[in-house]
Amino acid sequence: KATTGYENNCCEKLTLVDDFLSQTRGINDRTTESFVNDTMLIFEENGTRDQPLSTLVSHDEHWTETSLSGLNVVLTLLAFHRPLNGREEAAYLLSNVNKIFSTISQYDDSDHVGFLLPVMKTIIDKSYEILQMNVQIPNIPLHRATSTVLDDFRQYCLSSNSQEWQMFIQRHIEPLAEHYRSMSIRPFHMNMKIWWNNCHEMMMIGVHKRNRRREIKISSKSISRNHIIAQWRLRRHADQQRILQLAKQRRIHQLHVEKEWTNREKYIYDERGPWSNEKIPNERHWMLSDRENIHRMRCKLVENNDFNKHEDASRLRDNLGIDSIDESRQSLLEESFKNKNLLIQQEILYGNVIDEQELAAVANETQSLLLEEKEKMIIGTQCSLITSTLVTEGKLEITNKYIYFFDTQSKTCCQNDFKYPLSWLQDVHLRRYNLRPSALEFFLLDQTNFLINFDKKLRRQTYQKIMSLKLPGMKSVFSNLSITLTPQDILKESKLTEKWVSREISNFDYLMMLNTIAGRTFNDLNQYPVFPWILKDYLSETLDINDPNVFRDFSKPIGIQNPKHMEDVRLKYEAFDDPTGLMKKFHYGTHYSNAASVMHYLIRMEPFTTLHIQSQSGKFDIADRQFHSFQSAWLNIMDSPNEVKELIPEFFYSSEFLINSNKFDLGKLQITNQIVNDVQLPPWAHDSPEEFIRLHRLALESDYVSAHLHQWIDLIFGYKQTGQAAVDALNVFMYCSYEKAVDVDAIEDPVTREAIEGMIQNFGQIPSQLLMEPHPHRQTREQAAFEIESQGRALNIFQNLTHIRAFFVEITPANDKLCDPITFISIPKNQVRSFMQQGIPDTLITVSINGVVGNNGWQPYDKSLSNFFTFERDPTLQTERNRHIIAAPFSPSLEINSRLFAVSHDAKFVFSGGHWDWSLRVYSLSKSKMISSLIHHTDIITC
């Protein structure tokens, strides 16, 4: 079957032959016998078999340029060159041309028939005598030399004489032509077929040899790769890992050295240092620590060694530009840091100053911060460390001994690494991040915690693996609960609501635990714990917490504390309509708790000052929009339904965030031109932040708040959070703030996904819903006291302070020559026996000014009912010879008081400070001797 490529080849070949023969010079030399034979074979191959004109005539046309070229070639060959070689060759030519002529005649194509007739005439003239045409067909007109010979031949073929011509062809020409084909053409085809088969065979042999050589070459390369290149790559990888490990160890070592230099500088130049200069005040700056106490309060401040006064942010706010001096100084610092980093990189890359001994030395110094040998890996996964300041990509590794996090970011490599003993792990809580259930929060024995974000599947696997370890330190009520339990189930299992109702826990502790169970955390500003506004009186000189009029309405959201706003908010909800159907109706376009509101309240305290500036494009917000006055903040709530910010826990325990101790330039108010500095307190606080916090916390624990706090809980954590109850309570927020409202992972478009995540981070997040029914009321004090008395339980001493009586107990004998008063008394919390248990007394530890330790016995009852308690003095206190004394002497310049001592919860150890060598001493009560001394402080321990 002819193909397009085959036809094109034939066309090109005939065109070349036609062009070759059409040259005027040397025509006889061009047409040799071999050339003629080969050209005739082209016609035989291409158009003289079962399908004439199969290649000379295209599939869509009956006559083409190719056919014309071919006929022109035939005409040239026959007209000007050798005579025909025998009858068979003449018959063969006449037969083929007649077939073409018969085919063309059927279409009545006179133009092309006129071109073909000279070819036919030439053949007839050359073979007239050889084929005996004068005998067979004497009437044929082509042999006559007349001017109309071509027309006569055409008429001859179309007239009745055509039968004579056809009989001549069939009887005399075709047998001779077939004989010529069998004797000349077909043997040639057979030879050519054999030749092509030989060519194909030789080609395949060549291909096989080439492939064989290639396989041998590849095999040799593979052998070379396996034995040489692979080993080289392994060595290169090992060297790269060694260099990276060295760089990491050098970085850790550098951080350690910088920290040590800072500590040495503090020791030398501090107020009690040997080189301190009282005439030159050494200003110290502080920032909030991430340490928490047992009530989840962040009260501790740590010194801020990288303090920045943010003067540039203040100047940018006032449109004054950046100080050129500060800008040049900043550029010099950046340049120096670049040079320093470049030197370190060059040392690492070229190894000019690094050898194996240095590597070993650095490794020994930083061994405590890296993964130790002979540890069994339990969990190792990629994750993100979420803090209030940044998100750090890294890897979490948990072994049978430690918990590691390795910072893998190139810019902050090693800066956020940490390592904690696995035995310190007390609790693990399920958390959300950007409304995804993908995070875990770890709580440790030293009152620190950290938030880790995983892939959804990895979080589940990690949590289950940690729970399967059954660590002895994990004693929380949540630790043994399954991962399948919802926050609602966890709250129900914890019995916290029942304890709050019966007044066993305070309002603050209950709200903090609700925030914790609902997923609120200090580590994510978008999920910061939320507390309610308590008061609305910020103008009175005194605060009467027994007056209901000083409190807010807990049954309504903060946005409608002004009744005038209720109708506006309701109309806004009813009138809202999103044509796209994506956004649902809402009452408030902002949220009561998000990162912006947290930074708004804590702007005077680092690191929130820096975060605020970063969120404001490198400058402070204008002073009128900052938190500068309680009265102003409450007036904003009363004036605008869009002001819906609730409070944060710091309003009930921390006074430091109300003071601008770092002396930031916060600007001036536009109307009064008043400089914004410390927060302006209500008159009843008497300009004392500590007094404000005391009264504010007292108001939180008041009877009125206790009686109405459940209404606010219904709005934030309860059944009024979602559904028709939320609509009726005018408590609906933006749809993207609610849990499970948006599946971010299901959004394929990256632009849309990024926009949704931005909305979640900017608008805030609703806490997990904890209650589907109304929250129960809290009992009154009388109801709680009656229930306790009816159940035979001990009364809460702090709720019965008016009934306390004082009794005198002599611990040191009155005739003692040395006056040694008691300065410390402690009854450990978690003793083996409770206060109400009959029998052996509990332990009561005393420490005198001279360090004499007494291990006394105490019971809260006495059979004689004369003293209402039993006290058994330590017999070693009777005589001076048998007394047990803390061995290390105290600093002579320090007043010995109770803050220098502490007792372990199991009454086994006494911890003491205030010693002259800056040490922390550990005294064993069971062994009656000092068992340890730790010296890590840079001054005398005073508390």
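Going by UniProt numbering, the residue at position 57 of the sequence shown is 57; the numbering climbs one at a time, nothing skipped.
Ideal Cβ positions, reconstructed from N, Cα and C, are used throughout, including at glycine.
{"Asked": "DSSP state of S593 mapped onto helix, strand, coil", "Found": "coil"}
{"Asked": "Cα-Cα separation, R233 to Q240", "Found": "10 Å"}
{"Asked": "Distance CB(F652)-CB(H612) smaller than 8 Å", "Found": "no"}
{"Asked": "Exposed unless 16 or more other CB atoms sit within 10 angstroms - verdict on L934", "Found": "exposed"}
{"Asked": "Spatially closest choice to T516 from L582, F443, N416 and Q783, by CA coordinates", "Found": "F443"}
{"Asked": "Closest by C-alpha distance to I598, when choosing among D578, F657, F554 and D544", "Found": "Residue 598 is actually Val in this sequence, not Ile. If we check each option's Cα against that of V598, F657 comes out closest."}
{"Asked": "8 Å Cβ cutoff met for T846 and N897", "Found": "no"}
{"Asked": "Stretch-stretch touch, CB-based, cutoff 8 Å, three pairs: the segment 291-304 with the segment 512-527", "Found": "yes"}
{"Asked": "With 16 other Cβ atoms within 10 Å as the buried cut-off, status of P421", "Found": "exposed"}
{"Asked": "Same chain only: Cβ atoms within 6 Å of C943, ignoring 5 sequence neighbours per side", "Found": "R899"}
{"Asked": "Alpha-carbon spacing of M192 relative to E164, whole angstroms", "Found": "38 Å"}
{"Asked": "Check whether G718 and V644 have beta carbons under 8 Å apart", "Found": "no"}
{"Asked": "For Q721 and I766, believed in contact at Cβ under 8 Å, the rounded distance", "Found": "6 Å"}
{"Asked": "Presumed contact (8 Å Cβ cut-off) between R883 and V852, rounded CB distance", "Found": "5 Å"}
{"Asked": "Range covered by the alpha helix (DSSP H) that runs through I378", "Found": "That residue, I378, is in no alpha helix (DSSP H); its beta strand (DSSP E) goes M377 to I386."}
{"Asked": "Segment contact flag, the segment 757-764 with the segment 588-602, C-beta cutoff 8 Å, min 3 pairs", "Found": "yes"}
{"Asked": "8 Å Cβ cutoff met for F630 and L681", "Found": "yes"}
{"Asked": "C-alpha distance - L131 paired with S182, whole-angstrom precision", "Found": "19 Å"}
{"Asked": "Sub-8 Å separation of V679 and K668 beta-carbons", "Found": "no"}
{"Asked": "Closest by C-alpha distance to P828, when choosing among G857, N319 and M467", "Found": "G857"}
{"Asked": "Spatial neighbours of M566 in its chain, beta-carbon cut-off 7 Å, leaving aside the 5 residues before and after", "Found": "I560 and L730"}
{"Asked": "Whole-angstrom C-beta distance between I713 and H775, which should lie under 8 Å", "Found": "5 Å"}
{"Asked": "H429 - containing alpha helix (DSSP H), residue span", "Found": "Looking at the DSSP string, H429 is not in any alpha helix (DSSP H); the run it does join, the beta strand (DSSP E), is L425 to Y433."}
{"Asked": "According to DSSP, residues forming a beta bridge with Q436", "Found": "It should be noted that the sequence gives Arg, not Gln, for residue 436. Y433."}
{"Asked": "Segment contact, 8 Å Cβ cut-off, at least three pairs: the segment 87-106 with the segment 175-190", "Found": "yes"}
{"Asked": "Environment of W500 [buried if 16+ CB atoms lie within 10 Å]", "Found": "buried"}
{"Asked": "Buried or exposed (CB count within 10 angstroms, at least 16 for buried), M204", "Found": "exposed"}
{"Asked": "Three-state secondary structure (DSSP) of Q245", "Found": "helix"}
{"Asked": "Option in T938, D939 and N855 with minimal Cα separation from K929", "Found": "N855"}
{"Asked": "Inter-residue Cα distance where the pair is N211 and N416", "Found": "57 Å"}
{"Asked": "For L301: DSSP bridge partner residues", "Found": "L288"}
{"Asked": "Separation of S640 from K556, as counted between CA atoms", "Found": "15 Å"}
{"Asked": "Same chain only: Cβ atoms within 7 Å of Q382, ignoring 5 sequence neighbours per side", "Found": "K395"}
{"Asked": "Proximity below 8 Å, CB of R604 to CB of I648", "Found": "no"}
{"Asked": "Residue from I940, N453, G914 and S904 with nearest C-alpha to A925", "Found": "For the sequence presented, residue 925 should be read as Leu rather than Ala. It is S904 whose Cα lies nearest to the Cα of L925."}
{"Asked": "Residue from P689, I849, F664 and Y463 with nearest C-alpha to H285", "Found": "F664"}
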